[in-house]
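Undergrad: Take 1 as the starting number for the sequence shown in UniProt numbering and just add one per residue.
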Amino acid sequence: MTALNELEVSKSSLWRAGLPAVFLGWVWARLCIASGFLTAHLLVDQLETPRGSEQIQQGLFTWDGAFYRGLAQQWYTRPLGGAAGSLAGEEARFFPVYPALAKALGPLLGGHADWALIAISNIAAFLGAWVLWKLATEVLQGQDQDQDQGEAASTLRRSSKGRSVEGRSVADRSAVLIAIFPAAFVLAFAYSEGLALLVVAGTLLALQRRNFVMAGLLALLAAAIRPVGGLLLVPIAIELLRAQPRPRWWNWIIGLGGPFLGFGLALIWIERSTGELLLPLRLQRQIRGGFQDPLTRVLEPVGELIRGNFRDVYNLGFMVVFLSLFVFMLLGARRSGPKLPTSWIAYSGVSLLLMLSSQVTDSLGRYGLLVVPFIVALAMWADRRWRMIAVGIACSAGLIWLTSEALLGRLVP
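1) So what's Ser357 in DSSP terms, helix, strand or just coil?
2) Assuming contact is defined by CB atoms lying nearer than 7 angstroms, are Ala196 and Phe61 in contact in what I supplied?
3) Hey, how far is the Cα of Arg168 from the Cα of Gln244?
4) So, for Gly317: in the same chain, excluding its five sequence neighbours on each side, which residues have a beta-carbon less than 7 angstroms away from its beta-carbon?
5) Is the CB-CB distance between Ser357 and Pro280 below 7 angstroms?
6) Suppose the cutoff is 6 angstroms on Cβ atoms and the five residues either side in sequence are ignored; what does the same chain contact list for Ala406 look like?
7) Drop a sphere of 10 angstroms on the beta-carbon of Leu207, count the other beta-carbons inside from all chains shown, and report buried for 16 or more, exposed for fewer.
8) Please report how far the alpha carbon of Arg209 lies from the alpha carbon of Ile178, in whole angstroms.
9) Can you have a look at Thr296 and say buried or exposed, based on whether 16 or more other CB atoms are within 10 angstroms of its CB?
10) Determine contact between the region 209-224 and the region 320-328, defined as no fewer than three beta-carbon pairs at a distance below 8 angstroms.
11) Leaving aside the five residues before and after Ala152 along the sequence, list all residues of the same chain whose C-beta is less than 6 angstroms from its C-beta, in chain order.
12) Tell me the DSSP secondary structure of Phe291 in three-state form.
13) From the DSSP output, in three-state form, read off Arg307 for me.
14) May I ask which residues mark the beginning and end of the alpha helix (DSSP H) holding His41?
15) Can you grab the Cα-Cα spacing for the pair Gly82 / Pro338, in whole Å?
16) Where in the region 49-109 do unbroken runs of the alpha helix (DSSP H), each at least 4 residues long, occur, reported from the N-terminal end onward?
17) Just curious, the alpha helix (DSSP H) that Asn211 is in, first and last residue?
18) Could you spell out where the alpha helix (DSSP H) holding Gly275 opens and where it closes?
19) In whole angstroms, what is the alpha-carbon distance linking Gly392 and Arg246?
20) What's the C-alpha gap between Ile115 and Pro50?
21) Alpha carbon to alpha carbon, how far is Arg307 from Gly409? Give it in angstroms, no decimals.
22) Within the continuous alpha helix (DSSP H) that includes Ser396, where are the two ends?
23) State yes or no: is the C-beta of Leu198 nearer than 6 angstroms to some heavy atom of the ligand HEM?
24) What is the rounded straight-line gap between the Cα of Gly150 and the Cα of Ser363?
25) Considering only the alpha carbon of each residue, which of Glu193, Ala397 and Val170 lies closest to Ala382?
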């Protein structure tokens with residue numbers, strides 16, 4: 001068997017090779033989340049809880065999960081003078097794919113659409129980590145093969161084997177870190193992040209394989225799951241421009257049109273029940289506030305922390321982490337060795353700019369979690385044993401604590 005054939009066989013077996021890391025991260029994360037539940041129950045009478053016991057009683061359906069459960073069971077209601085419902089139209093902030101899927105699968109679980117929400121979230125989180133593992137492996141090994149073009153077959157075999165081990169190590173760490181990142185408790189709750197993770201990672205994998213039609217279709221789905229899924233337009237556009245030979249015209253139409261179409265279809269889907277096309281955007285604007293320049297938005301929680309106000313301390317921590325990882329990406333692009341694609345860096349930069357341009361930065365951690373290049377960058381940084389141990393301990397402790405804080409109503413996830 002030639003060296004190139006060996007590489008193809010190795011590539012086809014990579015899916016199975018990623019299972020141990022994916023399973024480890026998925027199980028460890030749920031043990032941490034269970035510990036977070038226990039911590040919350042132990043501290044509920046010891047700490048100040050702004051919302052009483054409401055969140056802890058809702059359990060996996062806390063915060064946004066309550067809205068998704070209402071959607072899966074009742075669907076959308078009109079905000080004014082329409083059908084009566086306990087959610088009174090506010091649920092229109094949430095896009096329809098996730099609750100619609102749960103509503104469709106509910107009969108398989110004895111009519112419990114709420115159980116379907118939890119099942120979808122957790123299964124999709126596992127599959128999303130698996131796709132991310134494959135994505136990280138192919139991106140890093142793809143760079144190795146590009147560097148090795150023109151070498152003799154024997155040299156290709158030796159060099160690619162050594163570097164593929166390095167790439168697979170980064171992929172292993174990525175699969176674990178996406179599961180135990182401090183904000184990743186939402187991947188076990190009734191939140192759409194698990195499904196969104198699967199689709200975002202799938203879109204980037206399709207781009208890596210130059211399948212722009214599939215990337216566009218997955219981006220359509222991503223934008224219909226969460227509005228920020230439309231930001232996948234950035235890496236799709238960059239990869240279309242960089243592709244050689246030039247992609248055919250339908251790749252451009254489907255690739256670039258997918259995010260717009262998905263976003264528009266979601267608005268129309270909601271409008272059919274609420275009677276207002278732009279209601280989701282209006283409700284979201286009321287909650288997030290208007291535009292604020294990112295610099296002052298980052299400095300504000302620093303000033304509040306100095307004055308003894310700790311309300312934004314968790315969001316400040318996530319700001320520091322994501323900004324540091326973005327700088328790491330930029331510096332990595334200038335040095336030799338494994339690096340992230342330019343389209344990933346641009347996607348991360350635009351996403352970070354959007355996250356830091358809102359007057360309200362609650363939920364910053366889970367927004368950044370779905371920008372998977374941040375997670376791969378963290379895995380690349382943790383390339384030494386002490387770094388991986390430090391990151392693993394910090395993430396595990398953070399996951400336990402933030403789970404308890406969300407259940408106690410002290411953190412908006």
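Glycine included, C-beta positions come from ideal geometry on N, C-alpha and C.
TA: Based on what the coordinates show:
1) Taking the sequence shown and counting its residues from 1, the one referred to as residue 357 is at position 357. Reduced to three states, the DSSP call for Ser357 is coil.
2) Position 196 of the sequence shown holds residue 196. Position 61 of the sequence shown holds residue 61. Result no, Cβ atoms of Ala196 and Phe61 do not sit closer than 7 angstroms.
3) Indexing the sequence shown from 1 puts residue 168 at position 168. Indexing the sequence shown from 1 puts residue 244 at position 244. Between Arg168 and Gln244, the C-alpha separation is close to 27 angstroms.
4) The residue given as residue 317 occupies position 317 in the sequence shown. The answer is none, since no qualifying residue turns up.
5) By 1-based counting over the sequence shown, the position of residue 357 is 357. By 1-based counting over the sequence shown, the position of residue 280 is 280. Contact flag unset, no.
6) For the purposes of this step, residue 406 is identified with residue 406 of the sequence shown, where counting begins at 1. Excluding sequence neighbours, Ala406 sits near Pro413.
7) Locating residue 207 in the sequence shown gives position 207, where the first residue counts as 1. So Leu207 ends up on the buried side.
8) By 1-based counting over the sequence shown, the position of residue 209 is 209. By 1-based counting over the sequence shown, the position of residue 178 is 178. Looking at the two C-alpha atoms, the distance is approximately 22 angstroms.
9) Counting from one through the sequence shown, the residue named residue 296 turns up at place 296. Exposed is the call here.
10) no
11) By one-based count along the sequence shown, residue 152 stands at place 152. Caution applies to Ala152, whose pLDDT of 40 falls short of 50 and renders its modelled position unreliable; the model cannot decide the point.
12) Start at 1 with the first residue of the sequence shown, and residue 291 comes out as number 291. In the structure shown, Phe291 sits in a strand (DSSP, three-state: E or B).
13) Here the question's residue 307 lines up with position 307 in the sequence shown. DSSP places Arg307 in coil when its eight states are reduced to three.
14) Here residue 41 is taken as the residue at index 41 of the sequence shown, counted from 1. Run containing His41: Leu19 to Leu43, per the alpha helix (DSSP H) assignment.
15) Taking the sequence shown and counting its residues from 1, one reaches residue 82 at position 82. Taking the sequence shown and counting its residues from 1, one reaches residue 338 at position 338. Note that Gly82 scores 47 on pLDDT, short of 50, meaning its location in the model is unreliable; the coordinates nonetheless yield the value given after this. Whole-angstrom Cα-Cα distance: 56 angstroms.
16) 54-58, 64-74 and 97-105
17) As a working mapping, residue 211 is identified with position 211 in the sequence shown. Where Asn211 is concerned, there is no enclosing alpha helix (DSSP H), given that its DSSP letter is neither H nor E.
18) Position 275 of the sequence shown, counting from 1, holds the residue named residue 275. First-last for Gly275: undefined, no H or E at that position.
19) In the sequence shown, the residue the question calls residue 392 occupies position 392. In the sequence shown, the residue the question calls residue 246 occupies position 246. For Gly392 and Arg246, the distance between alpha carbons rounds to 42 angstroms.
20) Translated into the one-based positions of the sequence shown, residue 115 becomes position 115. Translated into the one-based positions of the sequence shown, residue 50 becomes position 50. Position check: residue 115 holds Trp in this sequence, whereas Ile was assumed. Looking at the two C-alpha atoms, the distance is approximately 28 angstroms.
21) Here the question's residue 409 lines up with position 409 in the sequence shown. Here the question's residue 307 lines up with position 307 in the sequence shown. Rounded to the nearest angstrom, the two C-alpha atoms are 23 angstroms apart.
22) Taking the first residue of the sequence shown as 1, we reach residue 396 at position 396. Arg385 to Leu407 is the extent of the alpha helix (DSSP H) around Ser396.
23) No copy of the ligand HEM occurs in the structure displayed, which carries no ligand at all.
24) Sequence index remark: in the sequence shown, residue 150 carries index 150 (1-based). Sequence index remark: in the sequence shown, residue 363 carries index 363 (1-based). Confidence at Gly150 is low in this model, with a pLDDT of 43, below 50, so its placement is unreliable and the value that follows should be read with caution. Taking the straight line joining both Cα atoms gives about 48 angstroms.
25) The residue labelled residue 382 in the question sits at position 382 within the sequence shown. When each option's Cα is compared against that of Ala382, the closest is Val170.
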